[in-house]
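Asker: Residue numbers (the numbering used here): 205 to 384.
Ideal Cβ placement from N, Cα and C applies to all residues, glycine included.
All values reported here derive from a predicted model rather than from experimental measurement.
Below is the structure I would like to discuss, written out as structure tokens.
This is how it looks when you write it as structure tokens:
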């Protein structure tokens, strides 16, 4: 086995060592390249450029990114929060249900938002450049747990269906002595 491999390697190494008497390309082969190959390449480039102008601009890197804005209706003790998610990336994304977190320094209460009026709208397919707005009624959470009114901060975290964190935003619901 080793002898056969050695002989094969010896023969492969010998092949490129054969000398040639030819010095340059033959004239008729150069003419064929100029007459046939260059117009063919020009035609293929024309077709490629024509297709690329008609299609959307595609980038080499795919980037899924979202811009999140969280606005409250009043400065202190708001009743509603308005969540706006804008897909600023160059690919479409599937949004998982947003996570709403009430924060009281050491204690955190987490809730998954399902949608509007008991209608489940998540996971939500958001195309590149599009916006999604969700109005969150905080009174429903306060009816669920009265202690949540004392929590000074709330935060929204958005994930894609694949589990990638797209972003988060937080707002203060009432005045505090500490900025954390």
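How is residue 330 classed by DSSP in three states: helix, strand or coil?
Answerer: The sequence position of residue 330 within the chain shown is 126, counting from 1. Three-state result, residue 330: strand.
Asker: According to DSSP, is residue 368 helix, strand or coil?
Answerer: Mapped onto the chain shown, residue 368 falls at position 164. Of the three classes helix, strand and coil, the one that applies to residue 368 here is coil, per DSSP.
Asker: For residue 300, which of 378, 375, 370 and 374 has the nearest alpha-carbon?
Answerer: If you number the chain shown from 1, residue 300 lands on position 96. Comparing Cα-Cα distances from residue 300 to each of 378, 375, 370 and 374, the minimum goes to 370.
Asker: Counting pairs of beta carbons, one from the stretch 319-336 and one from the stretch 275-284, are three or more of them closer than 8 Å?
Answerer: no
Asker: Given that a residue counts as buried once 16 or more other Cβ atoms are within 10 Å of its Cβ, and exposed if not, what is residue 247?
Answerer: Counting from 1 along the chain shown, the entry for residue 247 is found at position 43. With fewer than 16 Cβ atoms within 10 Å of its Cβ, residue 247 is classed as exposed.
Asker: How many angstroms separate the CA atom of residue 441 from the CA atom of residue 377?
Answerer: Residue coverage of the chain in this structure runs from 205 to 384, which leaves residue 441 outside it and unanswerable.
Asker: Roughly how many angstroms separate the alpha carbons of residue 334 and residue 353, rounded to a whole number?
Answerer: Walking along the chain shown from the start, residue 334 turns up at place 130. Walking along the chain shown from the start, residue 353 turns up at place 149. One C-alpha to the other measures close to 33 Å.
Asker: Run through DSSP, which three-state label would residue 313 get?
Answerer: As a working note, residue 313 is residue 109 in the chain shown. Correct three-state label for residue 313: strand.
Asker: Along the alpha helix (DSSP H) that carries residue 281, what are the first and last residues, could you check?
Answerer: Here the question's residue 281 lines up with position 77 in the chain shown. Where residue 281 is concerned, there is no enclosing alpha helix (DSSP H), given that its DSSP letter is neither H nor E.
Asker: Comparing alpha-carbon positions, which option in 249, 316, 251 and 347 lies nearest residue 359?
Answerer: To locate residue 359, count along the chain shown from 1; it is residue 155. Of 249, 316, 251 and 347, the residue nearest in Cα terms is 316.
Asker: Tell me which residue opens and which closes the alpha helix (DSSP H) that residue 342 is part of.
Answerer: Your numbering for residue 342 matches position 138 in the chain shown. For residue 342, the enclosing alpha helix (DSSP H) has its first and last residue at 342-348.
Asker: May I ask whether a heavy atom of the ligand FMN can be found less than 7 Å away from the beta carbon of residue 297?
Answerer: Ligands displayed in this structure: none; no statement on the ligand FMN is therefore possible.
Asker: Please classify residue 363: does DSSP put it in a helix, a strand, or coil?
Answerer: The sequence position of residue 363 within the chain shown is 159, counting from 1. If DSSP states are grouped into helix, strand and coil, residue 363 belongs with the strands.
Asker: In terms of alpha-carbon separation, which member of 282, 297 and 239 lies closest to residue 363?
Answerer: Counting from one through the chain shown, the residue named residue 363 turns up at place 159. The shortest C-alpha separation from residue 363 is found at 297.
Asker: I need the DSSP call for residue 304, collapsed to helix, strand or coil.
Answerer: Within the chain shown, numbered from 1, the residue matching residue 304 stands at position 100. In the structure shown, residue 304 sits in a strand (DSSP, three-state: E or B).
Asker: Identify whether residue 272 lies in helix, strand or coil by the three-state DSSP scheme.
Answerer: Residue numbering aside, residue 272 sits at position 68 when the chain shown is read from its first letter. DSSP places residue 272 in strand when its eight states are reduced to three.
Asker: Applying the 10 Å Cβ sphere with the 16-neighbour rule, what's the burial state of residue 302?
Answerer: As a position in the chain shown, residue 302 is number 98, starting the count at 1. Flag for residue 302 reads buried.
Asker: Take the Cβ of residue 253 as the centre, count every other Cβ of all protein chains shown within 10 Å, and call the residue buried at 16 or more, exposed below.
Answerer: Reading the chain shown from its first residue, position 49 is the one you call residue 253. Answer is exposed; the Cβ neighbour count stays below 16.
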